[in-house]
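J.:
There are 4 protein chains.
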Amino acid sequence: MPRLQEKRAEETKAAIVAAAKQLFGEKGYEAVTMREIAKEAGCSHTTIYIYFKDKETLLHHLSVPPLEELRGRMETAASEPGASAVERMQKLSRVFIEFCLGNRGLYGIFFGVNSERVDTASPSSEINRLRLGLFNLLRRTLGEALGLPDGERLLACSRIYFYQIHGIAATYSHSKESADALMERLTPTFDEAVAVLMLGFNALQSNKEVGKQ
Amino acid sequence: MPRLQEKRAEETKAAIVAAAKQLFGEKGYEAVTMREIAKEAGCSHTTIYIYFKDKETLLHHLSVPPLEELRGRMETAASEPGASAVERMQKLSRVFIEFCLGNRGLYGIFFGVNSERVDTASPSSEINRLRLGLFNLLRRTLGEALGLPDGERLLACSRIYFYQIHGIAATYSHSKESADALMERLTPTFDEAVAVLMLGFNALQSNKEVGKQ
Amino acid sequence: MPRLQEKRAEETKAAIVAAAKQLFGEKGYEAVTMREIAKEAGCSHTTIYIYFKDKETLLHHLSVPPLEELRGRMETAASEPGASAVERMQKLSRVFIEFCLGNRGLYGIFFGVNSERVDTASPSSEINRLRLGLFNLLRRTLGEALGLPDGERLLACSRIYFYQIHGIAATYSHSKESADALMERLTPTFDEAVAVLMLGFNALQSNKEVGKQ
Amino acid sequence: MPRLQEKRAEETKAAIVAAAKQLFGEKGYEAVTMREIAKEAGCSHTTIYIYFKDKETLLHHLSVPPLEELRGRMETAASEPGASAVERMQKLSRVFIEFCLGNRGLYGIFFGVNSERVDTASPSSEINRLRLGLFNLLRRTLGEALGLPDGERLLACSRIYFYQIHGIAATYSHSKESADALMERLTPTFDEAVAVLMLGFNALQSNKEVGKQ
DNA sequence: GATGAATGAGATTTCATTCAT
DNA sequence: CATGAATGAAATCTCATTCAT
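Protein chains in written order, with UniProt numbering: chain A, 1 to 213; chain B, 1 to 213; chain C, 1 to 213; chain D, 1 to 213.
(1) At a CB-CB cut-off below 7 Å, which residues of chain C make contact with Val196 of chain D?
(2) With a threshold of 6 Å on Cβ separation, who are the neighbours of Ala31 of chain C within its own chain once the five nearest residues in sequence on each side are excluded?
(3) Could you work out which residues of chain A lie near Tyr163 of chain B, taking near to mean beta carbons separated by less than 7 Å?
(4) Just to make sure I have the definition right: I need the residues of chain D whose C-beta is within less than 7 Å of the C-beta of Ala156 of chain C. Which are they?
(5) Cβ closer than 7 Å: which chain D residues qualify as neighbours of Glu30 of chain C?
(6) To test your reading of the DSSP string, which unbroken alpha helix (DSSP H) runs of 4 or more residues are found completely within the stretch 140-202 of chain D?
(7) Are the stretch 64-77 of chain D and the stretch 29-44 of chain D touching, with three or more C-beta to C-beta distances below 8 Å?
(8) Anyone know if the C-beta pair for Arg94 of chain D and Phe201 of chain D falls short of 8 Å?
(9) What first and last residue would you give for the alpha helix (DSSP H) that runs through Gly102 of chain B?
(10) Please confirm if the stretch 76-83 of chain B is in contact with the stretch 150-164 of chain B, defined as three or more CB-CB distances below 8 Å between the two stretches.
(11) If you reduce the DSSP assignment to three classes, tell me which class Glu30 of chain D lands in.
(12) For Leu137 of chain C, which residues in the same chain have their Cβ closer than 7 Å to its Cβ, ignoring the five residues on either side in sequence?
(13) For Glu26 of chain C, count the other beta carbons within 10 Å of its own beta carbon; 16 or more makes it buried, fewer makes it exposed. Which is it?
(14) Ser178 of chain D to Thr57 of chain A, Cα distance in whole Å?
(15) For Gly25 of chain A, does the three-state DSSP call read helix, strand or coil?
(16) When the distance is taken between beta carbons, is Val196 of chain D closer than 8 Å to Leu92 of chain C?
(17) What do you reckon, is the C-beta of Ile109 of chain A under 7 Å from a heavy atom of the ligand SAM?
(18) Going by the beta-carbon positions, is the gap between Ile37 of chain B and Ile48 of chain B smaller than 8 Å?
(19) Secondary structure at Glu80 of chain C, three-state DSSP: helix, strand or coil?
(20) Quick one: grab the DSSP three-state call for Lys7 of chain B.
(21) Determine whether the beta carbon atoms of Gly167 of chain A and His174 of chain B lie at a separation below 8 Å.
(22) Would you call Gly108 of chain A buried or exposed, if buried means 16 or more other Cβ atoms sit within 10 Å of its Cβ?
(23) Express the C-alpha separation of Phe110 of chain B and Asn103 of chain D in angstroms, rounding to a whole number.
(24) In angstroms with no decimal places, state the Cα-to-Cα distance between Asp180 of chain A and Phe162 of chain A.
(25) Output needed for Glu11 of chain B: all residues of its chain with C-beta closer than 6 Å, excluding positions within five of it in sequence on either side, in chain order.
(26) Expressed to the nearest angstrom, what Euclidean distance is found between the alpha-carbon atoms of Ile127 of chain C and Glu68 of chain C?
(27) Taking Glu87 of chain B as the reference, which of B:Leu142, B:Arg35 and B:Lys55 has the closest Cα?
(28) I think Leu134 of chain C touches Phe24 of chain C, with their Cβ atoms under 8 Å apart; what is that distance to the nearest whole Å?
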C-alpha cells in the first residue's frame, strides 16, 4: 500500500505550494527565500527541490492553476445569459479584480508588474499563453458588447479597457485592506468605471459615425 | 575655504542621486547594487554612506525631486490656456504617463506597485504627501473639466481616471521598449482613452440628470 | 523459493556495479551521483545502500573485477607463444593502455592519480595488492624479455617501463577521443615507445658490459 | 599614504594565493572549499572574491606564475653550455619532474590529469598556451639532441619522451614522500630513464638507416 | 570628505544518506 | 527486498555595510 506515502507526498507538495503562494503574494517573489517557504510548509528546504526544480519552477507551477481558474470564472461571467452588455462587462471586471486583490503580490507576478527576471527567464511559457488567452477573452467579450468586429478599433478599445481594470488591480494591489473589504467598499466605483468606459466607447462610436456622414 | 569642499560634496551627492535615479529606474530597486551606483556616480561605494544612511534612505531622498518635478509639469499642463477640457486632460495624462515610462522602476516604487519593504519603512512619509498632492491636482483639474463640484461624484470620477492612467503606466512599466518609442506608438491610444473617459463621464452625467427629471 | 529472490538480488547488484563502472569511467568518481547510478541501473537510489555501505565502498567493490580481468589479459599477452620479446612487451602494453583508456575515470582511481580521499580510506587494501601484482607481472615479463635476473637492475628497468605506459595512459586519460579512436590513431606510437625502450635497455646493457670489460 | 593599505592588500592577496596553492596541491581543486582557503589565508571567504572573480579564476591566477617559472628553468636547462645531449635532456627532465613533485596536486590540474571541469571551462586559456609552449620547448631541445629536423619523426619521439616524464610525475604525484626525498631516492632512475630513451631513439634511428640502405 | 579593505549574513542549490512503509 | 520521502551538511557566491586610514 504505497497509498499512504503517496498521500503524504501530495500533502507536502500542497503545503509547499500553499506556503509559496502565500509568501510570494505577501512579500513578492524575490523577497521570499526557499527556507522561509520550507519553514512555512513545515518541511526542510531541500524537500522543495524534490518537487520543484528551482524557485522559478515553483512559481510557475504555482501560477498556472489560479490563472486557469480565473479564466474559467471570466468565461462564465462573459457568457452569462440574460445580462446586458454593460452588466456582462461589469461582472467580468469584478471577477478579474477580485482575483487580483485576492492574490495580491502574485498578481504582480502574473501580469508582469514585478520582477523582470521572471519574464526574462520564460518569455513565452505557459503563463504568457494564459495571459494572452485572458486578453483575447476580454477582447472577444468586449467586441460582442460593443458590436465591434475584430480589428484595430476593437484592439484599441480592449487595451483601454484592460488599462482600466489593470489600473484598479495595481492601485490596490499593495493596500493593507482585505480583498473582501476592498470589494465591498469599491465595487460601485469599479462598476461605474466599466459603465463610463462603455458609455464612452459608444459615444466615440457615434461621434465617428456622425463624422463620416 | 570650506566653500570649495562644500561644493565638491554637493556635486558628489548630486552624482550619487543621479546615478541611483537612473539605475533604479532602469533595473529596479532590488536589482541595483550600491557598488553599481558608486561606479556610475564616479565615487567609492563607501562614500554613499556619508550622505545616505542606507540604500533605502537613498531611495527616498531620490524620490522627492522627480515627483515634485512631475507635479510642476502636471500643473503646467492643467492650466494650459486655450485648450479644451479634453485636451487639457490628455496633456495631463501624457505628462504623467511619460514620466512613469521614463522612470520605469522608480515609478513602481513611487506608486507602491513594488516592494512592500519600502512602504513599510515610511508609511506616510513625504512621498505619500506628494502622491496625494498629485491626486488632488488631478481631481481639481478633472472637476473643472467636467464642471463638477468637489464631492463623492468627483472623487469617484477621479479614481476612475487615476485607475486608467495608472493602468497604462503599469502595463508598460516592464516593457523593453523605450519611453519614447512607447509614447510614439501609443499616444493615440492614450489620448483616446482619455477621450473615452471624458465622453463616458459626460454621458453618465446626462443620464443621471435625465433620471432626476 | 529463496533462489528466485537471490537471483534477482544478484542481478540488481550486478546492474548497480555495471552502471557505476560505466559512469565512474565516463565522468569520474566525484562527478557521478548516486541517483545517476541508480537511474542507469534501473533501481532506486536507496537500493544501492542495501548492497554497498556508501559510495566509496561501491567504488572499491567495483575496482577489483576489472583489475583482475586486466591481470588476466596481461598474463595472456605476456605468455603469448611465438612472439619476440619486443612483440610480447608491445602486446602487454597495448592491453594495459587499452584498459586504461577504456576505463578512463576509473583508471585514475585505480592508479592513484586522483582523489586522495580514496587512497586515504584504504591505504593498502586489495586494490594495492592487485596493483602490486600487475607490477610484478610486468617486471617478470620484462626480466624474461631482457634476459635480466631479479634485482635492482630489473627493478629500475621495470619502473622506467611502467612510467612510460602510465604516462601514456595519464596523457590521454582526459582526452575526449574514444579509446578505440585513440588506439587506432596512436598504436604505432605506443608500439614505438616500447620498441625504443627495449632498444635502450639493451643498449644500456651493452654499454655497461663494455664498461665492465 | 595609501601605501600601508596597498601593502596590506597585497599581503592578503598573497596569503590567499599561497593558501590556495597549498590546498589545491594537497587535496585537489574540487576537494578544497573557498572557506578552507580563507581560513588558511586568515581572512573571510568573501575577501577572496574581492581579489578573484571566482574559484576558477583563483586557480588560473595561481597556475600561471609557477608554470612560467618552470618554463624559465627548463629553458635554462635546455641551453646549458658544455653539456652533452643526454645531460641536457636529463637536466630538463629533472627540472620538470622536480617541479611536478613540488607542486603535486597542482600538477594534475596543470597537465589535465584532473578535473575535466577546469579544462572544459577554459579550453584555450593562457594555461593551455603555456602547456603547449613547454611541449614545444621540449620538442625543440630533443630535436637538437637527436639531430632530428621538425616533422613526424621528431613529434613521435617528443611524445614518447613526454609520456615518460609525465608518467614519472603521475606515478609519484600522490606519494606521501616529499619532493626532495623522492628526488634524492629516484634521480638515478629518472636519469637512467632519459638515458635509455636517448639510446633507444638513436638505436631506432640507426636501424632505420640500415633498413634504408 | 573620501576610500579601499574586509566582513557577516544569507541566498540558491546539490548530494549522500536515513527512515518509514 | 525495495522504495519514495525527507533531511542535514555543505558549497559557491552576492551584497549591504563598517573600519582604519
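All C-beta atoms, glycine included, are put in the ideal place defined by N, C-alpha and C.
Note that this is a predicted model, so its numbers are computed, not measured.
T.: According to the structure shown:
(1) For the purposes of this step, residue 196 of chain D is taken as the residue at position 196 of the fourth sequence. By Cβ distance, chain C contributes Ile160, Leu197, Gly200, Phe201 and Leu204.
(2) Within the third sequence, numbered from 1, the residue matching residue 31 of chain C stands at position 31. Excluding sequence neighbours, Ala31 of chain C sits near nothing in its chain.
(3) As a position in the second sequence, residue 163 of chain B is number 163, starting the count at 1. Simply Gln164, Gly167, Ile168, Thr171 and Ala193.
(4) Taking the third sequence and counting its residues from 1, the one referred to as residue 156 of chain C is at position 156. Correct list: Thr189 and Glu192.
(5) If you number the third sequence from 1, residue 30 of chain C lands on position 30. Residues of chain D passing the Cβ test: Glu30.
(6) Runs of the alpha helix (DSSP H) spanning 4 or more residues and lying entirely within the stretch 140-202 of chain D occur at 152-172, in chain order.
(7) Three or more Cβ pairs closer than 8 Å define a contact, and the stretch 64-77 of chain D falls short of that threshold against the stretch 29-44 of chain D.
(8) The residue given as residue 94 of chain D occupies position 94 in the fourth sequence. The residue given as residue 201 of chain D occupies position 201 in the fourth sequence. No, the pair does not count as a contact, with Cβ atoms beyond the cut-off.
(9) Locating residue 102 of chain B in the second sequence gives position 102, counting from the first residue. From DSSP, the alpha helix (DSSP H) with Gly102 of chain B extends over Ala85 to Phe110.
(10) Judged by pairs of C-beta atoms under 8 Å, the stretch 76-83 of chain B does not touch the stretch 150-164 of chain B, as fewer than three such pairs exist.
(11) The residue you call residue 30 of chain D lines up with position 30 of the fourth sequence. It is coil, neither helix nor strand.
(12) Translated into positions along the third sequence, residue 137 of chain C becomes position 137. Excluding sequence neighbours, Leu137 of chain C sits near Arg71, Met74, Glu75 and Ala78.
(13) Numbered from its first residue, the third sequence carries residue 26 of chain C at position 26. By the neighbour-count rule (16 or more Cβ atoms within 10 Å), Glu26 of chain C is not buried but exposed.
(14) For the purposes of this step, residue 178 of chain D is taken as residue 178 along the fourth sequence, with counting starting at 1. For the purposes of this step, residue 57 of chain A is taken as residue 57 along the first sequence, with counting starting at 1. Cα to Cα, Ser178 of chain D sits roughly 51 Å from Thr57 of chain A.
(15) If you number the first sequence from 1, residue 25 of chain A lands on position 25. Reduced to three states, the DSSP call for Gly25 of chain A is helix.
(16) For the purposes of this step, residue 92 of chain C is taken as the residue at position 92 of the third sequence. For the purposes of this step, residue 196 of chain D is taken as the residue at position 196 of the fourth sequence. No.
(17) Only the bare structure without any ligand can be found here, which leaves the ligand SAM out of the picture.
(18) Position 37 of the second sequence holds residue 37 of chain B. Position 48 of the second sequence holds residue 48 of chain B. The beta carbons of Ile37 of chain B and Ile48 of chain B sit closer together than 8 Å.
(19) Taking the first residue of the third sequence as 1, we reach residue 80 of chain C at position 80. Under the three-state reduction of DSSP output, Glu80 of chain C falls in the coil class, being neither helix nor strand.
(20) By one-based count along the second sequence, residue 7 of chain B stands at place 7. Three-state DSSP puts Lys7 of chain B in a helix.
(21) Indexing the first sequence from 1 puts residue 167 of chain A at position 167. Indexing the second sequence from 1 puts residue 174 of chain B at position 174. A distance of 8 Å or more separates the beta carbons of Gly167 of chain A and His174 of chain B.
(22) Along the first sequence, read from residue 1 onward, the residue named residue 108 of chain A stands at position 108. Answer is buried; the Cβ neighbour count reaches 16.
(23) Here residue 103 of chain D corresponds to residue number 103 of the fourth sequence, with the count starting at 1. Here residue 110 of chain B corresponds to residue number 110 of the second sequence, with the count starting at 1. Rounded to whole angstroms, Asn103 of chain D to Phe110 of chain B spans 58 Å at the Cα level.
(24) On the first sequence, residue 180 of chain A is found 180 positions in, with the first residue counted as 1. On the first sequence, residue 162 of chain A is found 162 positions in, with the first residue counted as 1. Asp180 of chain A and Phe162 of chain A: Cα-Cα distance of roughly 22 Å.
(25) Working through the second sequence from its first residue, we reach residue 11 of chain B at position 11. No residues qualify anywhere along the chain.
(26) In the third sequence, counting from the first residue as 1, residue 127 of chain C sits at position 127. In the third sequence, counting from the first residue as 1, residue 68 of chain C sits at position 68. Straight-line measurement puts the Cα of Glu68 of chain C at about 10 Å from the Cα of Ile127 of chain C.
(27) As a first step, residue 87 of chain B must be located in the second sequence, where it is residue number 87. Taking the Cα of Glu87 of chain B as reference, the smallest distance to any Cα among B:Leu142, B:Arg35 and B:Lys55 is reached at B:Leu142.
(28) As a first step, residue 134 of chain C is located in the third sequence; it is residue number 134 there, counting from the start. As a first step, residue 24 of chain C is located in the third sequence; it is residue number 24 there, counting from the start. Actually they do not touch by this definition, with Cβ atoms about 19 Å apart.
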